[in-house]
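Notes to accompany the following structure.
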Amino acid sequence: MGLNCQCRGWKVETPPKVSVMQSTVCKERSFQLHPVTVISMEPKANDPDDFIESSVLLDETQYQEGYRDGYNDGLVSGKEEGREVGLKMGFQGGEEMGFYRGCIDVWNSVTRANPDAFSFRIKNRIEQLEKLVEGYPLLEPENEQVQEMMEKIRLKFRIISANLGVRLEYEGSPTSTREVQDFYYIVGEDMLKSMLTCCKVYISESRNALALESIEQAAKLFPEAPVINRFKDENYNRVGYTLVSCFDPNSSSEATSLKNAVLGMVKAAFDSIDLSSHCGTHPRLGVVDHICFHPLTQASLDQVADLAKSAAAEIGRRHQVPTFLYGAAHGEGRSLDCVRRELGYFKPNSSGNQWRGGLNLGPLNLKPDLGPTQLTQSKGVVVVGATGWVDNYNVPVFSTNIEVVRRIARKVSGRGGGLDSVQAMGLMHGEDRTEVACNLLDPDRVGSDQVQARVERLAADEGLSAGKGYFTDFSREKIIELYLNAASTV
């Protein structure tokens, strides 16, 4: 028998010899049993702390051993799960890129078969999408820009789909012929839903914060027609709003969110702004100076013209304000500048090249298309139209000589023998500069670069310098992109 002794309240016994079986390798734990000193759990009655201390040490040992085993098992299983998820996500990314690649190939095939099938703008966007898809790092899964690039590709694809009048979304590969047939059916059905229209509302105020807040709150009552852009110019004391909405040709024009949002803004403007107390260096004809509807994707000019005429009729009737039509909304298609010229729009009525107070027209030179024939000084008149897309681009000229700048503007304008499809006027813009304010009626044909170059050259001929021009609104493509982003978050 072994030696018995007492140590700190424990009885220690030397164990007998270990048998052969006890010294074999334990397969589950992979360690060998060796002769050890067996501690008999017989604490002394006068020292209970030793029992508690030993129990704590034993629990800690078991905890550490369990933690190591759990960590090692988790590491192995985590790597396996991560590998499976990585393969799945990588496959899905490649499959989605294949979907976009296939659509691009189809569109390119259509273009080769019929070069006039798509507009220049759509073909340009398809080319941009193709470059994005080709640049996607399929073989670089750890590239930090993968997600950002994927989002750009998705957004560009959505813009092209909207322009083509279809709503295509990658939702995984079809698993049956029936799914393929359903996909093409949905594409056909969604052509009508992808019609987008835009309305620009110009109001003669930018300094009255309460008035602007009231106008914007009125628009928010119709979230289906969000305000995509607001451009406020305090020198001109003028603000422009751009609204966009889907257009359903099967619905009555009375029920369109876009029209109702515009009517709400017009009412708020008339309720909070008095034209007789307004002044600024930009010409204007009324509190609500100008409203123009534009087709964006798939909607026709005739369709938005009907919308414009319906809105104009409501404005004239509800607010008893003379209302004039132009563009496709007018029976003879007269132009906006024609209406403005007849009503003396381009002639300042105050010193300092400003427009101040109401219109001093007496009897109107031009008979309104809608509403009363007599105007009120507090409201003025409203001009409503429908046209293709128009860009507004202004080029600053560093001079206070307004006559020289007006001469430059006439030479830039198509009416003065300058650039075709460009309307321009010279205006004071602040105390120390002027600018050539331009409407680009066909920006795909004559764009801002040509206007900028022409103004710079004409200014140099006058011994003046011109600054870099700026747009007062986003491009047509950017407007669509912003609307799609806004719609996807609703």
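Per full-length UniProt numbering, the very first residue in the sequence shown carries number 1; after that it's consecutive.
Where is the CB? At the ideal position from N, CA and C, for every residue including glycine.
Computed from a prediction, not measured in an experiment: that's the story for all the values here.
With a CB to CB cut of under 6 Å and the five nearest residues on each side skipped, what residues in its chain are close to P226?
A486
Identify the continuous alpha helix (DSSP H) that holds G264 and give its terminal residues.
257–272
Do you know offhand how far T400's Cα is from E134's?
51 Å
Whole-angstrom Cβ separation of L263 and E314, contact assumed at under 8 Å?
6 Å
CB H294 to CB G388, shorter than 8 Å?
For H294 and G388, yes; Cβs fall inside 8 Å.
Taking the straight line between their C-alpha atoms, what separation do you get for A162 and K468?
33 Å
Report all residues from its chain with a CB closer than 8 Å to the CB of L366; omit the five preceding and five following residues, and keep chain order.
F324, V339, E342, L343
Ordered along the chain, which non-local residues of its own chain (more than five positions away) have a Cβ less than 7 Å from that of H290?
Y202, V383
Go ahead and label R68 buried or exposed: buried means 16 or more other beta carbons lie within 10 angstroms of its beta carbon, across all protein chains shown.
Counting C-beta atoms within 10 angstroms of its own C-beta, R68 has fewer than 16 neighbours from the protein chains shown and is therefore classed as exposed.
Less than 7 Å between C-beta atoms, sequence neighbours within five positions excluded: which residues of the same chain meet that for K17?
Only weak support is given to the placement of K17: the predicted model assigns it a pLDDT of 46, under 50, and the question is left unresolved by the model.
Helix, strand or coil for S378? Go by DSSP, reduced to three states.
S378 carries a coil assignment under DSSP once its states are collapsed to helix, strand and coil.
What is the DSSP secondary structure of A117, counted as helix, strand or coil?
coil
Mind checking G240: buried by the 16 CB within 10 Å criterion, or exposed?
buried
Quickly, what does DSSP pair residue 493 with across the bridge? List them, please.
No information on residue 493 is available, as it lies outside the stretch 1 to 490 that the chain covers here.
Could you check the C-alpha separation between G316 and S109 for me, to the nearest Å?
50 Å
Quick one: residues in its chain with C-beta nearer than 6 Å to the C-beta of R433, no 5 flanking neighbours on either side, listed in chain order?
Same-chain partners within the cutoff: P396, F398.
Tell me whether the beta-carbon of L482 lies closer than 8 Å to the beta-carbon of I159.
No.
What's the call for G430, buried or exposed, on a 16-neighbour Cβ count within 10 Å?
G430 comes out exposed.
Got a sec? Which residues, its chain only, sit under 8 Å from S350 by beta carbon, not counting five neighbours each side?
So the list reads C279, R356, G357, once near-sequence residues are dropped.
In the structure shown, what three-state DSSP assignment does H278 receive?
It is coil, neither helix nor strand.
For N237 versus E205, is the C-beta distance shorter than 8 Å?
yes
Would you call F120 buried or exposed, if buried means 16 or more other Cβ atoms sit within 10 Å of its Cβ?
exposed
Quick one: Cα of S465 to Cα of L458, how far?
Just so you know, the alpha carbons of S465 and L458 end up roughly 9 Å apart.
Identify which residue in R476, V321, L138, P368 has its Cα closest to the Cα of T376.
V321
Could you check the C-alpha separation between V244 and Y136 for me, to the nearest Å?
31 Å
A308: buried (16+ other C-beta within 10 angstroms of its C-beta) or exposed?
So A308 ends up on the buried side.
Using DSSP bridges, identify the partner residues of D369.
Under DSSP, no beta-bridge partner is assigned to D369.
Pull up the DSSP beta-bridge partners for H294, would you.
C198
By the three-class DSSP mapping on this structure, what secondary structure does W107 have?
helix
So what does DSSP say about D391, is it helix, strand or coil?
In the three-state DSSP reduction, D391 falls in the strand class (E or B).
Looking at the structure shown, is D461 part of a helix, part of a strand, or coil, going by DSSP?
The DSSP-derived three-state label of D461 is helix.
Determine the closest residue to C277 out of Q452, Y170, N208, with distance taken between C-alpha atoms.
Before going further, note that residue 277 is Ser rather than Cys in the sequence given. Checked all of Q452, Y170, N208; the closest Cα to S277 is N208.
Just tell me which of T281, I273, V266, A211 has its CA closest to the CA of E234.
T281
Taking S399 as part of the beta strand (DSSP E), name the residues at either end of that continuous run.
It is not in any beta strand (DSSP E) - S399 carries neither H nor E in the DSSP assignment.
For F471, which of helix, strand or coil comes out of DSSP?
In the three-state reduction of the DSSP assignment, F471 falls in the strand class, which pools E and B.
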